[in-house]
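Structure first, commentary second.
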Amino acid sequence: MERYEGEILSFVDTEALSAGALIAGGTNAIYMAPKAVIGASAVIQSTGEDVPKTARLKMESFLQAKLRSVGGHHRYWAQVLRSMSDEDYEFAIEGVMIKPKGELLTLTADEAVRPYGHPPENLLAAAIVLNVEALMQLQLGEGVSFEIKHFELTWSEHLAQWISEMAPVILGLGMLLLFIEFKTPGFGFIGALGIACLMAVFLASYMAGLAGYEGVIVFLVGILLLVIELAFFPGVWLVAGTGLLCIVGALVWSMADVWPNQSPLATPEIFIGPLEDLVWGAIIAVVGIVALSRFLPKSWIWDRLVLSTQGVPGDALRGIREYAVRHAEHPLPAVGAKGVTLTDLFPSGYVTIDGAKYQARIAMGSLKAGTAIRVVGAQSFCIVVEPDLESGN
1 MERYEGEILS FVDTEALSAG ALIAGGTNAI YMAPKAVIGA SAVIQSTGED VPKTARLKME
61 SFLQAKLRSV GGHHRYWAQV LRSMSDEDYE FAIEGVMIKP KGELLTLTAD EAVRPYGHPP
121 ENLLAAAIVL NVEALMQLQL GEGVSFEIKH FELTWSEHLA QWISEMAPVI LGLGMLLLFI
181 EFKTPGFGFI GALGIACLMA VFLASYMAGL AGYEGVIVFL VGILLLVIEL AFFPGVWLVA
241 GTGLLCIVGA LVWSMADVWP NQSPLATPEI FIGPLEDLVW GAIIAVVGIV ALSRFLPKSW
301 IWDRLVLSTQ GVPGDALRGI REYAVRHAEH PLPAVGAKGV TLTDLFPSGY VTIDGAKYQA
361 RIAMGSLKAG TAIRVVGAQS FCIVVEPDLE SGN
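Structure (C-alpha cells):
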C-alpha cells in the first residue's frame with residue numbers, strides 16, 4: 001500500500017481484528033459500519049501461540065515505528081494502534097482513560113468516532129456509514145457519480161497463487177529435469193518439461209503483476225539460449241551458462257516485490273524471499289540428482305531415458321544389464337582405456353569399455369554411436385572421453 005499513489009480508504013463492515021486493524025491503520029481514513037469493531041492486534045504466531053519474548057519485542061518495536069510513520073497525519077492514530085497491540089501501554093486523553101495497562105484496546109464504531117481534544121478530532125474512524133456506497137457519497141459529495149468494482153480471484157489467479165506457494169518444489173523439479181536432459185543426448189520431452197516448470201513459476205509471478213515485459217524478454221532469451229545449446233551446439237557451456245543466468249535472474253526478479261510500472265526500490269530485502277525459494281529449489285534438485293544416480297540405474301526407467309542403441313555391434317552390448325545393476329560399485333576405467341560409444345554423445349551419453357557400460361561425455365562437440373574413444377579423465381557422475389584417432393574408426 002505504501003507504493004500506491006492514490007488515496008486508500010478502509011471500510012470495516014463487521015470486524016477488523018489482529019492484522020486487519022493494522023492494515024486499516026495503514027490507510028488514509030477509516031470508516032466503520034454501525035455494528036463494526038476494530039482492535040486486538042497483538043503479535044502472535046500463525047498457529048495462534050504466543051511469540052517468544054525477544055522475537056516479540058523486536059516485532060513490536062518494528063510495528064510501532066511503522067504505525068507512527070503511517071499515522072502521523074492523525075492526532076491519535078499512533079497511540080490508538082499501539083494500545084491495540086501493547087498490553088503494557090497506558091493511553092489517556094485529558095484525564096479520560098482510553099486504555100489501561102494489562103489489556104488490549106478494541107473499539108466499537110461509536111467509540112472510534114468519539115471526538116477528543118481541542119480542536120476536537122475523532123479518536124480513530126472518520127465516520128459511521130452503512131455501506132461502501134454511503135462512504136463514497138460522503139467522501140465525494142452528493143450528485144457525484146462513481147463506479148464500484150469488486151475484485152475477486154479468478155481460477156487462473158488461484159492457480160498462480162498455488163504455484164507461487166509451491167515455487168521451491170516446482171523450481172527444484174525443473175532443475176532436476178534439466179539436469180537429466182543435460183545428461184542425455186539431444187533435446188527432448190524431459191528438457192521441455194523442465195523448461196515448462198520454470199516457465200510456470202515465472203508466469204505465476206507475471207499474472208500476479210510482479211513481472212513486467214522486461215522480465216519476460218530476459219526469460220525468453222534464456223530459454224532460447226538453453227535450447228540452442230542443447231539442440232545445436234552441445235558442449236558449448238558458455239551459451240548454456242548465459243541462458244541459465246538469464247532464466248535465474250528473470251525468475252528472482254519476477255518473484256521479488258517490484259511493481260513493473262514504478263521505479264524499482266532495489267533493496268536487498270525484496271530479494272530475500274525469492275532467493276530462499278531458489279535455494280530450496282536447488283536443494284530439492286540436488287537431493288533428486290543424488291537419488292537418481294543411486295537408484296535409477298537399477299530400474300527399468302534407466303533404459304527409457306537414453307537413446308536407442310540400434311546399429312551398434314552385438315558384442316558391444318554384452319554385459320550392459322549386469323553392469324547397470326552394479327553401476328555404483330564398479331570402478332571407473334583408467335585414463336587411456338579404450339572403448340566405443342554406445343549412444344551418440346551430445347555431449348553426454350554412454351560408452352562401452354571391456355564389455356561394461358559407462359556414462360560419459362565429450363568435452364567439446366559430439367560423437368556418433370559406434371565411434372572409437374579413449375578415456376582422458378573423470379567427473380563426478382561420468383568419465384570424459386575423446387575420439388581415438390589411432391584406431392582409424
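Using this note's numbering, you'd call the opening residue of the sequence shown number 1 and step up by one each time.
The beta-carbon is built from N, C-alpha and C at its ideal position, and this holds for glycine as well.
Residues that DSSP places opposite residue i in a beta bridge
{"i": "V340", "result": "T352, A372"}
{"i": "Y116", "result": "E121"}
{"i": "G377", "result": "V384"}
{"i": "M32", "result": "V12, I128"}
{"i": "T154", "result": "None; T154 has no bridge partner."}
{"i": "L367", "result": "L345"}
Delimiting residues of the beta strand (DSSP E) encompassing residue i
{"i": "G6", "result": "Note, G6: premise wrong, no beta strand (DSSP E); not H, not E."}
{"i": "I93", "result": "91 to 93"}
Distance CB(residue i)-CB(residue j) smaller than 9 Å
{"i": "V37", "j": "A24", "result": "no"}
{"i": "G174", "j": "W280", "result": "no"}
{"i": "K338", "j": "R361", "result": "no"}
{"i": "L105", "j": "F91", "result": "yes"}
{"i": "L178", "j": "L251", "result": "no"}
{"i": "L140", "j": "L123", "result": "no"}
{"i": "A256", "j": "G273", "result": "yes"}
{"i": "L148", "j": "M136", "result": "Strictly speaking, residue 148 in this sequence is Ile, with Leu absent from that position. Yes, they are a contact pair."}
{"i": "T341", "j": "V290", "result": "no"}
{"i": "G39", "j": "L17", "result": "yes"}
{"i": "W155", "j": "G215", "result": "no"}
{"i": "P168", "j": "L278", "result": "yes"}
{"i": "L81", "j": "S41", "result": "yes"}
{"i": "L224", "j": "A160", "result": "no"}
{"i": "I180", "j": "L292", "result": "yes"}
{"i": "D388", "j": "S366", "result": "no"}
{"i": "N28", "j": "L9", "result": "yes"}
{"i": "G377", "j": "V335", "result": "yes"}
Endpoints, the alpha helix (DSSP H) within which residue i is located
{"i": "M97", "result": "It is not in any alpha helix (DSSP H) - M97 instead sits in the beta strand (DSSP E) that spans 96 to 99."}
{"i": "A78", "result": "77 to 85"}
{"i": "A134", "result": "132 to 140"}
Contacting residues, own chain, Cβ-Cβ under 7 Å from residue i (five flanking each side not counted)
{"i": "E390", "result": "none"}
{"i": "A125", "result": "I30, Y31, M32, A109, A112, V113"}
{"i": "I170", "result": "I163, C197, A200, V201"}
{"i": "I228", "result": "V239"}
{"i": "V218", "result": "C246, G249, A250"}
{"i": "G102", "result": "E87"}
DSSP state of residue i mapped onto helix, strand, coil
{"i": "Q359", "result": "strand"}
{"i": "V37", "result": "strand"}
{"i": "E15", "result": "strand"}
{"i": "V335", "result": "coil"}
{"i": "T106", "result": "strand"}
{"i": "S254", "result": "helix"}
{"i": "I180", "result": "helix"}
{"i": "K66", "result": "helix"}
{"i": "G215", "result": "helix"}
{"i": "E147", "result": "coil"}
{"i": "A42", "result": "coil"}
{"i": "T27", "result": "coil"}
{"i": "D88", "result": "coil"}
{"i": "M166", "result": "coil"}
{"i": "S263", "result": "In this predicted model, S263 has a pLDDT of only 48, less than 50, meaning its place in the structure is not dependable enough to derive any value."}
Own chain partners of residue i with C-beta closer than 6 Å, once the 5 adjacent residues on each side are dropped
{"i": "P333", "result": "I353, V375"}
{"i": "L193", "result": "L177"}
{"i": "P34", "result": "A109, I128"}
{"i": "L22", "result": "S41"}
{"i": "A328", "result": "Its pLDDT being 49, under 50, A328 is placed unreliably in this model, and the value from its coordinates should be taken loosely. If we look at A328 and ignore the five residues flanking it on each side, it has no Cβ neighbours."}
{"i": "I190", "result": "L177, I180, E181"}
Other residues of its chain near residue i: CB distance less than 8 Å, five sequence neighbours each side excluded
{"i": "V221", "result": "G243, C246"}
{"i": "E94", "result": "Y116, G117"}
{"i": "E15", "result": "A36, V37, I38"}
{"i": "E133", "result": "I148"}
Cutoff 9 Å: residue i Cβ touching any chain B Cβ
{"i": "T108", "result": "Of the chains in the structure shown, none is chain B; there is only one protein chain."}
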